Amino acid sequence: SYICLVELFHPQQFHMPDHCIEIIDKSSVLTKDELFDGQFLLVTGYPFERNSFDFTPQSEDITHTTNIQRHTIPGVYLTNESDSYISVEVTEGDTQHENVNGMSGGAVYNVQPKVNQVKLAGVPVAAGNNICRFIPSYVFIDAIINYRNSSATIIDPI
Numbered sequence: 003s004y005i006c007l008v009e010l011f012h013p014q015q016f017h018m019p020d021h022c023i024e025i026i027d028k029s030s031v032l033t034k035d036e037l038f039d040g041q042f043l044l045v046t047g048y049p050f051e052r053n054s055f056d057f058t059p060q061s062e063d064i065t066h067t068t069n070i071q072r073h074t075i076p077g078v079y080l081t082n083e084s085d086s087y088i089s090v091e092v093t094e095g096d097t098q099h100e101n102v103n104g105m106s107g108g109a110v111y112n113v114q115p116k117v118n119q120v121k122l123a124g125v126p127v128a129a130g131n132n133i134c135r136f137i138p139s140y141v142f143i144d145a146i147i148n149y150r151n152s153s154a155t156i157i158d159p160i
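If you read the sequence shown in our numbering, its first letter stands for residue 3, the second for the next number, and so on.
Okay, here's the thing in C-alpha cells:
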C-alpha cells in the first residue's frame, strides 16, 4: 500500500507556472527505458535555506507564513551496477544537504526542446555531496493514475 501526502496552495498573482506537466497516463512520465546514463535532469523544489518561515500567528486561522521560492538544480543522471542518482557536481558545483534540504517531494523532470514534451522523471527524496537520489515516476505512476480509487483523509484543511 502507498501513502501519499499532497500539499496544495493557490499561487500568488504573477506566480502561476507557464506550463504544468499533465499526468494523464503512463506515457506522461519517463519509463525505465527512457532514463539513460548521461541524461540531463532538473530537480525542482523549495529548499529551506531559500524559504524562511515566520511562526508569528497572523490570525486564528493563520498560524504561520512563509515566502515561497522555487529552486531548480540541473544535473546528470548516472548509473552503475547497483545504483542510480543525479550528479550535480559538474552543473552546480558544491551542493550539500543544507543547500537542498526541503526539496524532497518536489519534481525531477527531463529537458526537451519543446515544453510540452517534458516528462516527470520522479520525486527527489535525498540530496547532498553533489548528488540527488529520487524515486522514479515509473515506480509510483499507478498510484497517481488511480488516486480516485484510494481512501483519503484531509489532515490540514484550508
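Heads up, the beta-carbon is just placed ideally off N, CA and C, and yes, glycines get one too. Small disclaimer: the values here were computed from a predicted structure and weren't measured.
Problem set entry | Presumed contact (8 Å Cβ cut-off) between S89 and I133, rounded CB distance | Rounded, the Cβ-Cβ distance is 6 Å, consistent with contact.
Exercise. What residues match up with F42 in a beta bridge as DSSP calls it?
Worked result: V78
For this session: Give every residue of the same chain whose Cβ lies closer than 7 Å to the Cβ of I146, excluding the five residues on either side of it in the sequence, and list them in chain order.
Result: I25
Exercise. What distance in whole Å lies between the Cβ atoms of L32 and E139, which are believed to be in contact at a cut-off of 8 Å?
Worked result: Looking at the sequence shown, residue 139 is not Glu but Ser. That pair is a contact at about 6 Å.
Exercise. Counting pairs of beta carbons, one from the segment 59-73 and one from the segment 109-124, are three or more of them closer than 8 Å?
Worked result: no
For this session: Using three-state DSSP, classify V90 as helix, strand or coil.
Result: coil
For this session: Please report how far the alpha carbon of V45 lies from the alpha carbon of S30, in whole angstroms.
Result: 17 Å
Exercise. Thinking C-alpha only, which one of E51, R135 and D144 is nearest A109?
Worked result: That would be R135, whose Cα lies nearest to the Cα of A109.
Exercise. Under the three-state reduction of DSSP, which class applies to I156: helix, strand or coil?
Worked result: I156: coil per DSSP, three-state reduction.
For this session: Name the two residues that bound the continuous beta strand (DSSP E) containing V125.
Result: Residue range L122 to G130 is occupied by the beta strand (DSSP E) that includes V125.
Exercise. How many Å lie between T81 and Y87 at the Cα?
Worked result: 7 Å
Exercise. With C-beta atoms as the reference, is G104 less than 8 Å away from G40?
Worked result: no
For this session: Name the one or two DSSP bridge partners that V141 has.
Result: Under the DSSP definition of a beta bridge, V141 lacks any partner.
Problem set entry | With 16 other Cβ atoms within 10 Å as the buried cut-off, status of V102 | buried
For this session: Run the CB neighbour count on T68, radius 10 Å, all protein chains shown included, and call it buried at 16 or more, exposed below.
Result: exposed
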